[in-house]
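If you count the sequence shown from 1, position 21 lands on 21 in our numbering, and the numbers rise without skipping. Every residue gets a Cβ at the ideal spot worked out from N, C-alpha and C, and that includes glycine. Everything numeric in this text was worked out from a predicted model, so none of it was measured.
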Amino acid sequence: MRVLMLSVLVATSTAACTWVPIEQSGKSVRVLPAGPVPAGCQQQGEVVVTVKSKVGFYNRNPLRVQEELETLARNEAPGANANAVQAQGQPADGSQRFNAFRCPPR
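Laid out in structure tokens, this is it:
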């Protein structure tokens with residue numbers, strides 16, 4: 001019983017943590033909302049990112065998973081010469097695809 005309670009405590013305390021830090025290069029990458037791409041943006045490719053959506057038998061908060069996926073996509077975008085990303089759809093099993101764009105400065 002003591003081990004079970006300790007496991008639950010660890011799982012719930014780590015579920016609130018953000019495991020993916022934003023890198024310096026990712027800070028300048030913006031996340032575009034769903035819908036049409038802003039004028040002047042050119043597609044540079046695609047970014048596919050993955051995080052853990054489950055810890056043991058515990059399903060992580062879907063909003064936290066989505067936030068981490070966006071952070072990873074922002075971190076990867078500069079490698080594709082992109083300064084903006086747009087999700088292609090909803091996350092599935094901790095994975096998500098993003099289109100990477102080079103957009104003019106705002």
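Residues bridged to residue i by DSSP?
i, result
"V47", "F98"
"V31", "V85"
"Q42", "R102"
So residue i packs on residue j, CB below 8 Å; how close in whole Å?
i, j, result
"Q44", "A73", "Incorrect: roughly 12 Å between the Cβ atoms, too far for contact."
"G35", "C103", "The Cβ separation is near 14 Å, so there is no contact."
Could you check whether residue j and residue i sit closer than 8 Å to each other, using their CB atoms as the reference points?
i, j, result
"V48", "F101", "no"
"S25", "P105", "no"
"V55", "V65", "no"
"N75", "I22", "yes"
Count Cβ pairs between the region 60–73 and the region 92–99 that sit closer than 8 Å; are there 3 or more? With a cut-off of 8 Å, the region 92–99 and the region 60–73 count as touching, because enough Cβ pairs lie within range.
Does the region 22–33 come into contact with the region 71–88, if we say contact requires no fewer than three beta-carbon pairs (one atom in each stretch) closer than 8 Å? These segments touch.
Contiguous alpha helix (DSSP H) assignments of at least 4 residues, all confined to the region 54–101: Correct list: 62–76.
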